[in-house]
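Colleague: Residue numbers (our numbering): 207 to 395. If you scroll down you'll find the structure; I have some questions about it.
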Ligand SMILES: [Ca+2]
């Protein structure tokens, strides 16, 4: 009874503290709300390129990126992110695949394809979140998205890369035993 109450109190303290450090967004213009590819390096497919930012309402704003190259070659957008070697990062984005067949979406991290969606699973026709973690091997990581869709288009929005855990959270977790001891000692008095 007493232990559980101590535990509960500690958890409340921890959860309150964990919400404080905001996870800094490393991606510039990940929602394409500038109406263009500002912040991204664009490389067009040598044949059949079709890569645009559409001004259209999504759950995340009023613009999204559309990958629709139809020659079997990839259009690509990339950014060099301010990462630290050895740190883990969470990649998250939302995708809406219009039509299935002859489509491909690759996520490259530091020159390695870490997510290969070829073909892009099911015919989504609705916004679906894809999220996974990667580790930076260098200070500064090249984050690249490549896609084509000969049938229709792959829409992408709300692209995010954040550190895991958020800066500051590791320090809080390390201080956990101290918090617990302090609470117990006070209650004993
Ligand atoms: Ca958007």
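Ideal placement from N, C-alpha and C gives every residue a C-beta, glycine not left out. Values in this document were obtained by computation on a predicted structure and should not be read as measured data.
(1) Name the two residues that bound the continuous beta strand (DSSP E) containing residue 335.
(2) If I measure Cβ to Cβ from residue 359 and keep anything under 6 Å in the same chain, skipping five residues before and after, which residues do I get?
(3) How is residue 288 classed by DSSP in three states: helix, strand or coil?
(4) Roughly how many angstroms separate the alpha carbons of residue 234 and residue 245, rounded to a whole number?
(5) Could you check the C-alpha separation between residue 236 and residue 363 for me, to the nearest Å?
(6) Would you grab the beta carbon distance between residue 300 and residue 334 for me? Rounded to a whole angstrom, and I think it's under 8 Å.
(7) Would residue 232 pass as a contact of residue 367 if the rule is Cβ separation under 7 Å?
(8) Tell me the rounded alpha-carbon separation between residue 295 and residue 238.
(9) Which residues have a Cβ closer than 6 Å to any heavy atom of ligand 1, listed in chain order?
Modeller: On the basis of the data shown:
(1) By 1-based counting over the chain shown, the position of residue 335 is 129. Per DSSP, residue 335 belongs to the beta strand (DSSP E) from 334–341.
(2) Sequence index remark: in the chain shown, residue 359 carries index 153 (1-based). Excluding positions up to five away in sequence, the list reads 272, 274, 304.
(3) Translated into the one-based positions of the chain shown, residue 288 becomes position 82. Residue 288: coil per DSSP, three-state reduction.
(4) Taking the first residue of the chain shown as 1, we reach residue 234 at position 28. Taking the first residue of the chain shown as 1, we reach residue 245 at position 39. Going from the Cα of residue 234 to the Cα of residue 245 covers about 5 Å.
(5) Residue 236 sits at position 30 when you count from the first residue of the chain shown. Residue 363 sits at position 157 when you count from the first residue of the chain shown. Taking the straight line from one Cα to the other gives about 7 Å.
(6) Translated into the one-based positions of the chain shown, residue 300 becomes position 94. Translated into the one-based positions of the chain shown, residue 334 becomes position 128. Indeed they touch by this definition, with Cβ atoms about 7 Å apart.
(7) On the chain shown, position 26 is the one that residue 232 refers to. On the chain shown, position 161 is the one that residue 367 refers to. Yes. Within cutoff.
(8) Walking along the chain shown from the start, residue 295 turns up at place 89. Walking along the chain shown from the start, residue 238 turns up at place 32. C-alpha separation (whole angstroms): 21 Å.
(9) 237, 238, 239, 264, 266, 267, 269, 270, 363
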